[in-house]
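Some notes on the structure that comes next.
Structural data, given as structure tokens:
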């Protein structure tokens, strides 16, 4: 694997996310999937089912990052306009892909109405993304992957995205859990260690619950040895600041 | 309430969302909260803890929509840079807000270290957003509300945002559940009804589970009478297309 940074963006398309009707889980699934492949998810956007918004977001994000993954809007109904928008963003036409037509003809015994044919449309120059779950495939055009919005189908399609990515060095993460101390006392030792390791990212993620409070301190970086060596350094700095209830969690 | 459209955007700030470490739930909570107040959530973005990215997103989104709500990055640690970025976006300085200093002095009996003082910083011209849960308040500057990232705290702060919003006509939503029919047969009647009601938004949200499959058809609009009248129209169109297993769900 190359050591350079490979970046990606996610574009979530759908009124149902913005209206609050649906809790998105695709962003988190894609983020975890990309992390395993050493690809940095650098930005995500959520837009509604509006052509101008989708086209503008696709063109901005595909130009700025190595990859763009979109979810949603590829079904057969009139509000599913992602294929149209991606084709427009690339300045190409849509055509009915013969493999999808053949797949759907086999599945529905020839009952291919206009709505179903919508799902066979792929931009010129695009290739198919396998759908191992249900329904027609997604597609790839250039550095853009167009996946379904239904989470179980999206995750199935994602398995066909990974092998196509130029992957970077995987980011290693180690988490130190602090119980019973607030960020107010954690901040100074954490910052001191962060400043000593400018190539690592050190973050603090506080939690509060009926059982108590504390924070998860996460050390991230591409150099596994440096990440591992920084862990005892952070522990020592915290203990010196009086923060003693520490638990090393499994690597994230 | 006025009948015009009031729009908002959400900016989620935090490496932990993009790394996949944390599943965001704030977007959905804010979307539902805004919907009740008749404010359209038009766009959402997720950016990492990078100053230039946050400043650019804040300036773009506050200029484009009536309101911007940010979540995350207002704690005491070095990676909490939201206040700095929002101040920079507005071209103003940060100052230690005397009310927050007083609150924190009372809470920590005078132990105000540098990290805690970070949380007292508010941009010049900003006002405080009450935090009924734990820790220091958020703030408002212009049309931007800066809230915590921890969900329970974010939701508490949100209660002080609603009363400050110019609210639009509330969007009414009615959901018709279809069991045992796919979108391939639903699409044509749905589109016909959608075309007859250009002021309404009709969407189809398919589901698949071990128990079966189908789709939730959602009719949304600001004219409650038109939404209600469209429901039997959609039912009739579906039945005419052979889609008969229909259940009216509670209003969303």
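Residue numbers (this note's numbering), protein chains in the order written: chain L, 1 to 252; chain G, 253 to 504.
By construction, the Cβ of each residue, glycine as well, lies at the ideal position given by its N, Cα and C atoms.
Bear in mind that the values here come from a model prediction, so they are computed numbers and not experimental data.
Span of the beta strand (DSSP E), counted from its first residue to its last, around residue i
i, result
"residue 294(G)", "291-299"
"residue 81(L)", "Segment: none, residue 81(L) is in no beta strand (DSSP E) and carries neither H nor E."
"residue 200(L)", "From DSSP, residue 200(L) is part of no beta strand (DSSP E); its letter is neither H nor E."
"residue 68(L)", "67-71"
"residue 129(L)", "127-129"
Proximity winner among the options, relative to residue i (alpha-carbon distances)
i, options, result
"residue 428(G)", "438(G), 444(G), 268(G)", "438(G)"
"residue 304(G)", "319(G), 291(G), 280(G), 334(G)", "334(G)"
"residue 144(L)", "79(L), 107(L), 47(L), 69(L)", "69(L)"
"residue 294(G)", "276(G), 316(G), 278(G)", "316(G)"
"residue 192(L)", "156(L), 212(L), 230(L)", "230(L)"
"residue 6(L)", "235(L), 162(L), 153(L), 226(L)", "162(L)"
"residue 426(G)", "264(G), 358(G), 384(G), 478(G)", "478(G)"
"residue 476(G)", "290(G), 490(G), 441(G)", "290(G)"
"residue 188(L)", "308(G), 493(G), 367(G), 266(G)", "367(G)"
"residue 490(G)", "371(G), 382(G), 432(G), 310(G)", "432(G)"
"residue 264(L)", "105(L), 106(L), 36(L), 9(L)", "Because chain L here runs from 1 to 252, residue 264(L) falls outside it and cannot be looked at."
"residue 279(G)", "235(L), 12(L), 36(L)", "12(L)"
"residue 464(G)", "434(G), 299(G), 288(G)", "434(G)"
"residue 88(L)", "107(L), 124(L), 105(L)", "124(L)"
"residue 4(L)", "75(L), 61(L), 40(L), 122(L)", "40(L)"
"residue 86(L)", "46(L), 235(L), 73(L), 214(L)", "73(L)"
"residue 314(G)", "329(G), 380(G), 297(G), 473(G)", "297(G)"
"residue 430(G)", "369(G), 332(G), 276(G), 501(G)", "501(G)"
"residue 384(G)", "406(G), 370(G), 344(G), 393(G)", "406(G)"
"residue 49(L)", "91(L), 221(L), 75(L)", "75(L)"
"residue 95(L)", "105(L), 106(L), 127(L), 80(L)", "127(L)"
"residue 220(L)", "194(L), 236(L), 235(L)", "194(L)"
Residues that residue i bridges to, as DSSP identifies them
i, result
"residue 373(G)", "348(G)"
"residue 175(L)", "218(L)"
"residue 498(G)", "430(G)"
"residue 387(G)", "In DSSP, residue 387(G) forms no bridge with anything."
"residue 145(L)", "69(L), 140(L)"
"residue 11(L)", "45(L), 70(L)"
"residue 258(G)", "291(G)"
"residue 207(L)", "214(L)"
Start-to-end residues for the alpha helix (DSSP H) that takes in residue i
i, result
"residue 306(G)", "303-316"
"residue 17(L)", "15-18"
"residue 405(G)", "403-410"
"residue 279(G)", "278-288"
"residue 479(G)", "476-492"
Stretch-stretch touch, CB-based, cutoff 8 Å, three pairs: the segment 100-107 of chain L with the segment 124-137 of chain L: Flag = yes, the segment 100-107 of chain L and the segment 124-137 of chain L touch.
At least three beta-carbon pairs within less than 8 Å, the segment 270-287 of chain G to the segment 30-42 of chain L: yes
Touching by the beta-carbon criterion (3+ pairs, under 8 Å), the segment 414-422 of chain G and the segment 357-372 of chain G: no
The segment 446-453 of chain G in contact with the segment 491-500 of chain G per 3-pair CB rule at 8 Å: Fewer than three beta-carbon pairs drawn from the segment 446-453 of chain G and the segment 491-500 of chain G are found closer than 8 Å, and the two stretches are therefore not classed as touching.
The segment 392-409 of chain G in contact with the segment 457-473 of chain G per 3-pair CB rule at 8 Å: With fewer than three CB-CB distances shorter than 8 Å, the segment 392-409 of chain G does not count as touching the segment 457-473 of chain G.
Against chain C: residues of the segment 185-208 of chain L by CB proximity under 9 Å: The displayed structure is made up of protein chains L and G, and chain C is not among them.
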